[in-house]
Amino acid sequence: MRRNVLLAVLSSLITGTVMAQSLPSGAVATVNGEPISTTMYEQNLRAILAQGMKDTPQLRQTVKEELINRELLAQYAQKIGLDKTPEA
């Protein structure tokens, strides 16, 4: 159930939140105004290529989409307070 809610929230966040136009310098995408850096993208791509994957446009798109999904999850986690330490 919780997974379905999370997937529904992510799906709604993806629509219109990932911008491909007017990117800040050094960014491959933005998610709700937060840039995903070219450096982060290249590090992730190099790590995957080092595992023997073939460099293709599809792989590059998949890496970008994975970084976008991670940022969406991080933003959602922060929104629901998972970044807070519970009071003892």
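Counting in my numbering, the sequence shown runs from 1 upward without gaps. Note that beta-carbon positions come from the ideal geometry of N, C-alpha and C, so glycine has one too. Since this is a predicted model, take the numbers as computed values, not measurements.
Can you tell me whether DSSP reads Ile48 as helix, strand or coil? helix
Taking the C-alpha atoms as reference points, what is the distance between Thr17 and Pro24? For Thr17, the predicted model reports a pLDDT of 49, less than 50, meaning its position is unreliable; a value from the coordinates is still stated below. Each residue's Cα considered, the two are about 15 Å apart.
Do Glu71 and Glu34 come within 9 Å of each other at the CB atom, strictly closer than that value? yes
Going by CA-CA distance only, name the one from Val63, Ala50, Arg46 and Pro86 that's closest to Val28. Val63
CB of Ile36 within 9 Å of CB of Leu67, strictly: yes
First through last residue of the alpha helix (DSSP H) which encompasses Ile68: Pro57 to Lys79
Whole-angstrom distance between Thr30 and Thr38, CA atom to CA atom: 11 Å
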